[in-house]
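Counting from 1 along the sequence shown, just add 9 to a position and that's the residue number in this note's numbering. What follows is a single structure, written as structure tokens, with notes after it.
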Amino acid sequence: MKIIESYLTKNRCYQAGRKIAVKGLMLHSVGCPQPSAQAFVSSWNNADASACVHAFIDGIDGTVYQTLPWEYRGWHCASGSAGSGNDSHIGVELCEPACIKYTAGSNFTCSDLAAAKEVVKRTYNAAVELFASLCDQYGLDPLADGVIISHKEGHARGIASNHGDPEHLWTQLGTGYTMDSFRQAVRAAMDGASSGTDGYTKIMGNAAATAEQMKAYLKAKNPDVAQSVFDMVPLYLSEGKAEGVRGDIAFAQSCLETGNFTFSSSAVTLSQNNFCGMGVTANGMKGNSFATPKEGIRAQVQHLKAYATVDPLAGACVDPRYKWVEKGCAPYVEWLGQKENPDGKGWAAGVGYGEKILRILIDIAGEKVVDDESESFEVPFLLKTNGLEIFSEPPKGKTGVGSFTIVEVKDCWGRLKSGAGWIDLRRAMESGIIVKSVSN
10 MKIIESYLTK NRCYQAGRKI AVKGLMLHSV GCPQPSAQAF VSSWNNADAS ACVHAFIDGI
70 DGTVYQTLPW EYRGWHCASG SAGSGNDSHI GVELCEPACI KYTAGSNFTC SDLAAAKEVV
130 KRTYNAAVEL FASLCDQYGL DPLADGVIIS HKEGHARGIA SNHGDPEHLW TQLGTGYTMD
190 SFRQAVRAAM DGASSGTDGY TKIMGNAAAT AEQMKAYLKA KNPDVAQSVF DMVPLYLSEG
250 KAEGVRGDIA FAQSCLETGN FTFSSSAVTL SQNNFCGMGV TANGMKGNSF ATPKEGIRAQ
310 VQHLKAYATV DPLAGACVDP RYKWVEKGCA PYVEWLGQKE NPDGKGWAAG VGYGEKILRI
370 LIDIAGEKVV DDESESFEVP FLLKTNGLEI FSEPPKGKTG VGSFTIVEVK DCWGRLKSGA
430 GWIDLRRAME SGIIVKSVSN
């Protein structure tokens, strides 16, 4: 997140310098087709301005322009029957797309829906990051009643004037964003920042493995795999790219769920075009069926996206269980297992579900996964652990949950890059810990 300090020093609100005890944050949108935050900074920095907010979020690149010190009392929401949110809330404005045109009240037309959605996504994501930072700074719980609200919600609570922003923008553009999803996203951003997730594997992003690597892995694991399965492998990459999901992660998950497409001990069959056990929520259930492999893979990718982010789907929803997922509850592969997810959410209840997917993903990419028979290590490498004892002279206690770099190995003991001590790599292997080569 980039913040540029652009205080409106000529604005009478700034000059008044009144302070508030920050109890919450209010989200606005500017109400006109102007994506440039600098345009508002220029026009509001004068003595005649009748409004003043704490920040604008630029629609062009997501930069935050801070226009008041956070603890200054702003003029951003007027008042209602129960008082004024100016006395308790920081106010932040989202800039709006240039391709919309207001017709009456909060209604507008849009000449380029795709471009408009990109602007809104940019400001939404930046606002999530900013609000997470502010909640952390002021010790606020984003899910608590009245802490994060929109201007529209402020009016309903009697502390703001009668406006419909920013929900009117999100709704009319069909983004799928809501204030509830926004608050959940802020909570997730705060959890991610404080949970030691460096080195964790994000579900959203570009695939690291190629279709050729995926096919080679599958052939090695299941020499009798049907040609139809080989033919559909590229669909994981194309469908993943369409939704911003790593298609190689979806493929690795399918390999886990189907026994490398042998469907041995699987609750689904090849003819169902269900390659991830979707809909198998209890023993004996058959699960969902799809008309084509493409549709089945698309549903799986959309389901992964539901877990990974609060962002709306890019395409029409074919996932019959999409609506049941708490959006953004598992942004990392490691959190797809309910046992490892910090909030007990996730795709599957089995222990180490995410780690099993990662083992397959590493094998697909041709990287080394340490097993019980191996005592050969090339340093440095990355060790992912749910907690192992660290020994040195004297013993140093335990690692936390996360990723650690090993820089030296002696007699199957690995030295931590941090200097904290040594870890017994045999115990790490017995615990199913993933170890892979990393660059210096």
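Glycine included, C-beta positions come from ideal geometry on N, C-alpha and C.
Original post:
Going straight from the alpha carbon of Ile212 to that of Tyr23, what length do you get?
Top reply: 43 Å
Original post:
When you compare only the Cα positions, how much space is there between Arg27 and Tyr81?
Top reply: 6 Å
Subject >> Cys264, DSSP secondary structure in three states >> reply: helix
Original post:
Can you tell me whether DSSP reads Thr414 as helix, strand or coil?
Top reply: strand
Original post:
Alpha carbon to alpha carbon, how far is Gly337 from Gly423?
Top reply: 35 Å
Original post:
When the Cα of Gly324 is compared with those of Val342, Glu364, Glu248 and Phe260, which residue comes out closest?
Top reply: Glu248
**OP:** Please say whether Pro329 and Asn297 have beta carbons closer to each other than 8 Å?
**Re:** yes
**OP:** Just mark Ser190 as buried or exposed, buried being the case when its beta carbon has 16 or more other beta carbons within 10 Å.
**Re:** buried
Subject >> Buried or exposed by the 16-neighbour rule on C-beta atoms within 10 Å, applied to Lys365 >> reply: buried
Original post:
For the putative contact between Thr112 and Gly71, defined by C-beta atoms under 8 Å, what is the C-beta separation to the nearest angstrom?
Top reply: Not really, about 28 Å apart at Cβ, beyond 8 Å.
Original post:
Buried or exposed: Val129, going by 16 or more other Cβ atoms within 10 Å of its Cβ?
Top reply: buried
Original post:
At which residues does the alpha helix (DSSP H) containing Lys228 begin and terminate?
Top reply: Ala220 to Lys230
**OP:** Report the rounded CA-to-CA distance for Ala107 versus Val418, giving the unit in angstroms.
**Re:** 58 Å
Subject >> Reference Ala308; option with closest CA among Ile69, Lys230, Tyr245 and His63 >> reply: Tyr245
Original post:
If you pair each beta-carbon of the region 54-64 with each one of the region 113-124, do three or more pairs fall below 8 Å?
Top reply: no
Original post:
Using 8 Å as the Cβ pair cut-off and three pairs as the minimum, do the region 190-200 and the region 152-159 touch?
Top reply: yes
**OP:** Output yes or no for whether 8 Å exceeds the beta carbon distance between Cys104 and Ser52.
**Re:** no
Original post:
Taking DSSP as the reference, what is the three-state secondary structure of Asn116?
Top reply: strand
Subject >> Within-8 Å CB hit, Glu364 to chain C >> reply: Note that chain C does not occur in the displayed structure, where there is just one protein chain.
**OP:** Report all residues from its chain with a CB closer than 6 Å to the CB of Cys264; omit the five preceding and five following residues, and keep chain order.
**Re:** Ile369
Original post:
So Met199 and Asp145 are in contact, right, with Cβ under 8 Å, and what is the actual spacing, rounded?
Top reply: 6 Å
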